[in-house]
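One structure below.
Number of protein chains: 2
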Amino acid sequence: MATQPVAAGRPATIHDIAALCGVAASTVSRALANPDRVNIRTRERIQAAAAELNYTPNSQAKALSSGRTGAVGVLVPDITNPFYFDLIRGTQLQLKAAGYTQLLVDTEESDEVEASTLEQLRKSADGVIVAASRLNDEALADAAARMPMVTVNRDVDGVPAVLIDTPSAMPQALDHLISLGHTSVAYVGGPAVSQSSARRWGALSAAAESRGVEVRSLGPFAPKTQSGAAAADAAVHSGVTACIVFNDLIAIGMLQRLRERGLRVPEDMSIVGCDDIFGADFCNPPLTTMSSPIEQAGRVAVSMLLAQLNPLAGGGNRSRSIMPTHLTVRGSTGAAPSV
Amino acid sequence: MATQPVAAGRPATIHDIAALCGVAASTVSRALANPDRVNIRTRERIQAAAAELNYTPNSQAKALSSGRTGAVGVLVPDITNPFYFDLIRGTQLQLKAAGYTQLLVDTEESDEVEASTLEQLRKSADGVIVAASRLNDEALADAAARMPMVTVNRDVDGVPAVLIDTPSAMPQALDHLISLGHTSVAYVGGPAVSQSSARRWGALSAAAESRGVEVRSLGPFAPKTQSGAAAADAAVHSGVTACIVFNDLIAIGMLQRLRERGLRVPEDMSIVGCDDIFGADFCNPPLTTMSSPIEQAGRVAVSMLLAQLNPLAGGGNRSRSIMPTHLTVRGSTGAAPSV
DNA sequence: ACGGCCTTGACAACCGATTGCCATTCTCTG
DNA sequence: CAGAGAATGGCAATCGGTTGTCAAGGCCGT
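Residue numbers (the numbering used here), protein chains in the order written: chain H, 41 to 379; chain Z, 41 to 379.
Shown next, in the form of structure tokens:
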């Protein structure tokens, strides 16, 4: 067979290379994937031909025959929540570095969308990273049994997880408020199905008890700035002088609402957020909040998932990874009103 | 052949269904994809079996044999830039509604990453949506010739595009500043390779000329809040009393820097941003900026792409779509210093 | 110089669908 | 009732790779 002209239209396949080199397609496959199995001279000829034909493997075909897709699903409840930006960027960078493709899906805060997405991904992805799952424990454990999974901010038995350790910073935040003279504090809760919110509230109420401070729980509120208005009104009505808020989105919304109502922050009310999202540093006043390395959390989640996928490649696979959190004090907290 | 037990482990295939119904696999394929070609009784038996086995087609296999992948790539220069959040959400929603999967890629503001991603996507996606491309016209037109493409905020001959019409709001912004008494204005430019920035500057300088106002150009600056510091310093040094800034990210960074330097906004300097991103309404002071329906732009881009993919399904496929823009006045603009 | 082991590379089955082509059956018409 | 034509469904090739199996050949030691 003579040298095939480079078909201008369609990308080259291993068959083109095989024809060009006068070997079988399978030899080409091996030469490229498993170089030791092929004579060095043949291999070099093949590699040269591949380069010449500008060959790139067809990922669909590869996926079909090998069972591995080279894709990882990343599920977040709401793409427009800035908290997930950094997470997504972390997963994206790490996945790309490992040669994987990221399939990003917004589950719209819905457990049904999440479940159906997981079912679909089961065939089209090698694994998934699920952030802030809205699924119940059973459904989540079930899904994790069917395909490699790492959760973020969700702790279920048997499912590897990356946890942003905001709860452990709760006592710190409370002490900060106490030192400013606050004795009446509210926790502004997130979605009822959010395990993060429950964990944060648990840590806060425990800390409050050991310090003899009254902390009440408000909510639930949707994690959006718009919810901040209702949250602010509830906080004012409850008579507290400081709030620790489920996340910065709600906290920023509260800031706006309090300003509208003519209340000053922090003179009349102190606000502490969680997550230190984009915007927390330039809102008015800048938000005191709990910071943690979110992008790194994304990278760690990917590493844990890849460790599951390639059990060989070193690294004992931890089943949980905790990201440290600390309080970042800015302008939204101050001395309690002297009344 | 007896009824096969539902293999608990592995998802069902058309062969399982075929065996269960006693027909050939191809008949199953037809019954599901092209119902008219199959007798209604057979079809119903097959559909029932499919439902019972909880069958979902393997997208890899489907892609391989049909050539269509059911995926669309979405390329953005920087995932963490809030401007793209809404765009991404728009594309995601519309793609999902049409049964497509979104492949989101962050090209890291790099033309090389963009080019290689495009080449890779050529095999694994049916089309791409490229936002704020960093590629030169030739390379982009070339890529568009190889696969269906829609650009956002990038106008190249022969490539369908969605344009956010910020330039047309430039005169409005300038008039707003003029009415406040400003006579010396700077345009704070974005990346040199950004066509958006060039178009905005062009519109602004034209408007300035027709109004007899002096407008100078500063920059280029990277589209990040951190660049705002340098931009602010340059603006102060140039002696202008108002800035129209390439985007809100830089504008917000400028706000922070000006505050650090003890300059008041808008008393000492007025700032106008572009895009009305998340945060523009709650920064300090709230940012006067050019707003437009970004999420809708994403949806429109998807519609235009799908029109290319399925030429049949009605709708003359426009090659350009312009999204309206208007000035949103907030607190960052005010009367020129009386000096 | 011969037997056995290891290396090398070809063949072919397979992954799960799609689709062109053909054979059979059914229906309608003349 | 025969024949034309449509409806129906099966066979097998195909997409682009991966991978198990095996034959041929080279090298070694004895």
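Just so you know, even glycine gets a beta-carbon here, dropped at the ideal spot from N, CA and C.
All values reported here derive from a predicted model rather than from experimental measurement.
Counting of Cβ neighbours within 10 angstroms places P306 of chain H among the buried residues, the total reaching 16 or more. With respect to the 7 Å criterion, A341 of chain Z and V190 of chain Z are classified as neighbours on the basis of their beta carbons.
The Cβ of F286 of chain Z sits no closer than 7 Å to any Cβ of chain H. Within its own chain, the residues whose Cβ lies closer than 6 Å to the Cβ of A271 of chain Z, once the five positions on either side in sequence are excluded, are V228, F261, I290, M294, listed in chain order. Distance between A89 of chain Z and A52 of chain H, taken at the CA atoms: about 39 Å. Per DSSP, L295 of chain Z is one residue of the alpha helix (DSSP H) stretching across 288-300. For E254 of chain Z, the enclosing beta strand (DSSP E) begins and ends at 254-258. Using a Cβ-Cβ cut-off of 8 Å, F125 of chain Z is close to I119, T120, P122, F125 of chain H, given in chain order. Cβ neighbours of H366 of chain H within its own chain (closer than 8 Å, five residues either side excluded): A209, Q212, M330, S331, S332. Sixteen is the threshold: since fewer than 16 other Cβ atoms of the shown chains lie within 10 Å of the Cβ of S250 of chain H, the residue is exposed.
R304 of chain Z sits exposed, since fewer than 16 C-beta atoms from the chains shown fall within 10 Å of its C-beta. The alpha-carbon of D321 of chain H is positioned some 20 Å away from that of D273 of chain Z. Rounded to the nearest angstrom, the gap between the Cα atoms of G198 of chain Z and I317 of chain Z is 30 Å. Counting along the chain, I204 of chain H sits inside the beta strand (DSSP E) bounded by residues 201-204. According to the DSSP assignment, A269 of chain H belongs to the alpha helix (DSSP H) that extends over 267-278.
Within the segment 314-334 of chain H, the residues whose Cβ lies closer than 7 Å to some Cβ of chain Z are F318, G319, F322, C323, N324, listed in chain order.
Scanning the segment 159-183 of chain H for uninterrupted alpha helix (DSSP H) segments of 4 residues or longer gives nothing; none is fully contained. Membership of Y227 of chain H in the beta strand (DSSP E) is indicated by the continuous run 224-228. According to the DSSP secondary-structure assignment, V369 of chain Z is paired through a beta bridge with no residue. Neighbours of A101 of chain H across chain Z, judged by C-beta separation under 8 Å: L104.
When DSSP states are grouped into helix, strand and coil, R83 of chain Z belongs to the helix group. The beta-carbon of N193 of chain H is placed no less than 7 Å from the nearest beta-carbon of chain Z.
In the displayed model, I317 of chain H falls within coil according to three-state DSSP, outside both helix and strand.
Ranked by how close their Cα comes to the Cα of N287 of chain Z, the residues Z:Q134, Z:A248, Z:R240, Z:L72 have Z:R240 in first place. In the displayed model, I57 of chain Z falls within a helix according to three-state DSSP. In this structure, DSSP gives R70 of chain H a helical state, which the three-state scheme calls helix. Taking CB atoms only, R339 of chain H has no neighbour in chain Z less than 7 Å away. Listed along chain Z, the residues sitting closer than 7 Å to I128 of chain H by beta-carbon distance are I119.
Within chain H, the C-beta atoms nearer than 9 Å to that of L143 of chain Z come from A111, T141, Q142, L143, L144, in chain order.
With at least 16 other beta carbons inside 10 angstroms of its own, I204 of chain H counts as buried. As the crow flies, the alpha-carbon of S150 of chain Z is around 15 Å from that of R129 of chain H. Around the CB of V280 of chain H, 16 or more other CB atoms lie within 10 Å, so the residue is classed as buried.
For secondary structure counted as the beta strand (DSSP E) over 3 or more consecutive residues, the segment 74-138 of chain H holds these complete runs in sequence order: 111-116.
Cβ-Cβ separation between Q142 of chain H and T131 of chain H: approximately 6 Å, consistent with a contact (criterion under 8 Å). The C-beta distance from N121 of chain H to C323 of chain Z rounds to 18 Å, too long to meet the 8 Å contact threshold. In the three-state reduction of the DSSP assignment, A376 of chain H falls in the coil class.
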